[in-house]
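In our numbering, the protein residues as written are 31 to 144.
Note that CB positions come from ideal geometry on N, CA and C, so glycine has one too.
Have a look at the structure below before the remarks.
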RNA sequence: CAGGAAACAGAAGCAGUCGCGGACAAAUUUUUGUUCGAGGAAAGUCCGAACUCCACAGAGCAGCGUGCCGGCUAACGACCGGUGAGAGUAAUCUUGAAGAUAGUGUCAUAGAAAAGGAAACUACCGAAAUUUUUUUCGGCAAAGGUGGAAAGGUGUGGUAAGAGCGCACCAGCUGUCGGGUAAUCGGCAGGCUUGACAAACCUCACGCGGAGCAAAGUUGAAUAGGAAAUUGUUGAGGUUGCUCGCUGACAUUUCGGGUAAACUGCAAAGACUUGGGCGGUAACGCUUUAAGCAAGAUAAAUGACUGCAAUAAACAGAAUUCGGCUUAUCGGUUUCCUGCCGG
């Protein structure tokens with residue numbers, strides 16, 4: 031139950047809708063945009079802006095967030111679409127810290143499963 | 001032992017658990033298995049090409065690039081060899097190195113004078129005047145002073161004092177002879193001499209059409225766009241900046257849809273890589289003799305954790321593909337040079 035196939039990742043056109051309609055929540059490591067839109071619920075995406083640094087760093091941040099989501103997805107509700115955006119604090123952190131940030135920000139957004 | 005330079009190869013592996021992308025196969029409609037899965041710079045986008053479209057690409061002017069000579073290459077501003085210049089005791093290293101006698105221009109401040117051969121502040125020499133002091137006229141450019149640079153340099157003769165004024169050597173220029181494919185080098189002769197800047201304009205030689213894979217093509221829902229023919233306006237837009245030339249907007253008629261997306265381009269294949277043989281000082285070429293090439297996404301795959309001999313590290317992530325250059329950086333190996341100590 032730890033799989034994360036590609037079909038769950040958002041497409042290019044769908045990003046704008048989430049950014050426009052979603053609500054944002056933040057903590058030290060991660061910002062999330064949450065929206066409830068038909069056909070897109072349950073889908074997720076990971077992003078890292080150019081502020082963070084070069085391509086290697088942005089790749090690493092996205093991989094960290096994806097791994098953290100993959101291991102904890104059963105704790106998160108599947109009836110909404112989420113975009114995870116990495117922040118500076120995530121650059122030097124290991125996996126356990128990334129998981130901590132992810133659960134913290136999800137708790138603030140109240141999308142943790144009961 | 002310390003420091004410096006150059007070259008070479010590498011940039012992590014194995015096991016377990018979870019996970020991702022492509023291909024193939026099975027099963028069958030969603031799984032299972034096998035296999036492959038970032039770099040030396042993938043980066044910067046600084047050059048050169050392939051490929052695609054625009055007249056398969058045209059003319060003139062403008063503009064841009066290159067700039068010792070020869071070679072090499074698909075091509076190049078890259079690379080190799082040589083020459084000159086510069087640095088160094090040397091090994092060796094560096095080098096944007098055409099033309100200043102085609103012309104125009106610039107050379108601040110200082111200095112008497114900063115560009116055709118001119119000029120004279122102090123000084124030196126001669127003459128005249130004058131009571132010593134000094135003044136005027138003439139000669140000179142050796143010495144001083146200014147400057148990044150003062151109109152060849154050093155020595156000697158010469159002279160009232162001086163001066164290429166004469167001579168010797170050196171540097172440069174012109175001519176000529178010889179070596180070299182050439183840049184250029186060496187010898188001889190001549191008259192004595194011509195500042196620097198072309199990374200100022202410019203001159204000369206050679207080269208350059210433009211846009212780029214978000215190119216371009218195919219299939220294809222709606223709103224609609226496209227193709228062909230004819231006549232006319234003298235004419236939209238495009239083709240590099242301009243002028244030509246080319247193309248043909250719009251109107252009418254006829255045919256009849258082609259935007260979002262998807263697929264192709266796009267990855268097992270070619271200017272390929274390594275080794276052998278042959279040619280060449282080398283860059284490189286020939287040979288087919290041997291071996292090897294298998295990433296291909298589109299919010300974008302190659303990751304996480306644990307363990308194993310070290311703490312696995314630095315710079316850093318493919319996006320149409322090649323040849324170079326530049327920049328970033330980890331730990332090694334080899335060779336050469338320098339310094340110190342010992343023999």
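With respect to residue 127, residue 136 sits apart: the two C-beta atoms are not nearer than 7 Å. The DSSP-derived three-state label of residue 113 is strand.
For residue 87, the enclosing alpha helix (DSSP H) begins and ends at 85–102. Under DSSP, residue 63 shares a beta bridge with 54 and 113.
Sorting 56, 139 and 125 by C-alpha distance to the C-alpha of residue 95 places 125 at the top. Contact between residue 78 and residue 64 is ruled out by a C-beta separation of about 18 Å, above the 8 Å threshold.
Here residue 85 is exposed. Its C-beta has fewer than 16 other C-beta atoms within 10 Å. For residue 39, the number of other beta carbons within 10 angstroms of its own is below 16, and it is reported as exposed. Rounded to the nearest angstrom, the gap between the Cα atoms of residue 102 and residue 129 is 8 Å.
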